[in-house]
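To start, the structure under review is shown below, and the notes come after it.
Residue numbers (my numbering), protein chains in the order written: chain D, 857 to 968; chain V, 296 to 410.
Right, here's the structure in full:
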């Protein structure tokens with residue numbers, strides 16, 4: 857079953873604007889990850905945030921985590937047309953076996 | 296390091312036929328995962344290997360599905376007596392044995408269409 861719920865399901869913005877995607881989950885976690893998927897391709901890992909962290913940055917990406925609200929957000933600053941893709945959050949549901957549970961994703965379209 | 300490789304990229308089959316997919320993980324990765332993804336959904340966990348041992352199977356993996364990882368290297372996923380509901384993208388992923396093992400490296404997937 858799906859673990860996370862991303863919001864919005866679809867987001868359309870212009871190049872240069874910021875894109876914010878949200879993710880909610882239901883169980884305890886060790887960490888939460890964000891992945892990106894271009895159409896018809898596999899997923900690419902973007903960033904991991906641990907349950908004891910509140911914010912993390914990687915290049916133009918900023919991730920926040922609020923374990924009390926069981927939610928996370930992914931911010932992409934100064935978006936580019938090449939950022940067009942689906943973005944998924946994934947959690948481990950507190951397991952250390954490595955399997956991840958993904959949400960349904962946010963389809964981001966960045967117009968030039 | 297050529298990444299995770301999956302073969303074939305596309306497979307079209309008739310209902311009732313058997314199909315087999317192959318996954319070659321990154322060479323030093325000891326963990327290997329199979330996921331299934333349908334249109335508009337996120338990947339759903341199917342099964343997981345650590346080396347050659349299959350440690351966990353999802354309830355999604357019916358008895359028509361079987362996965363192997365002989366010698367702890369490549370893995371195969373076989374679907375017997377395919378049904379139209381099996382149409383999906385089948386993704387393979389692998390991870391490092393040590394620090395950073397939470398991060399999964401995905402292949403490009405095998406797109407299965409059952410007619």
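Beta carbons: idealized from backbone N, C-alpha and C, even for Gly. Note that the coordinates shown come from a computational prediction; the quantities given were computed from them, not determined experimentally.
May I ask you to list the residues that DSSP assigns as paired with residue i?
i	result
residue 305(V)	406(V)
residue 869(D)	966(D)
residue 352(V)	342(V)
residue 957(D)	947(D)
residue 297(V)	Residue 297(V) pairs with nothing; no bridge assigned.
residue 319(V)	300(V)
Check residue i in the structure and name its three-state DSSP category.
i	result
residue 381(V)	helix
residue 366(V)	helix
residue 330(V)	strand
residue 371(V)	strand
residue 358(V)	coil
residue 397(V)	coil
residue 347(V)	coil
Would you say residue i faces chain V, with C-beta separation under 8 Å as the test?
i	result
residue 957(D)	yes
residue 887(D)	yes
residue 864(D)	no
residue 915(D)	no
residue 948(D)	yes
residue 872(D)	no
residue 921(D)	no
Does the beta carbon of residue i sit closer than 8 Å to a beta carbon anywhere in chain D?
i	result
residue 352(V)	no
residue 302(V)	no
residue 340(V)	yes
residue 407(V)	no
residue 294(V)	For residue 294(V) there is no data in the structure shown, the boundaries of chain V being 296 and 410.
residue 380(V)	no
residue 401(V)	yes
request  = Run through the stretch 865–947 of chain D for me and flag every whole beta strand (DSSP E) of 3 or more residues, listed as ranges in chain order.
outcome  = 866–870, 875–880, 887–893, 899–906, 911–914, 917–922, 927–932, 941–947
Given 8 Å, three or more beta-carbon pairs between the stretch 379–395 of chain V and the stretch 313–330 of chain V = yes
message = Tell me whether the stretch 877–892 of chain D and the stretch 937–947 of chain D touch, counting them as touching only if at least three CB pairs, one residue from each stretch, are closer than 8 Å.
response = yes
ask   = How do the stretch 873–885 of chain D and the stretch 946–965 of chain D stand: do at least 3 beta-carbon pairs fall below 8 Å, yes or no?
value = yes
request  = Flag this pair as touching only if the stretch 954–966 of chain D and the stretch 903–914 of chain D have three or more C-beta atom pairs under 8 Å; answer yes or no.
outcome  = no
ask   = Below 8 Å, can you find three or more Cβ-Cβ pairs linking the stretch 894–901 of chain D to the stretch 392–401 of chain V?
value = yes
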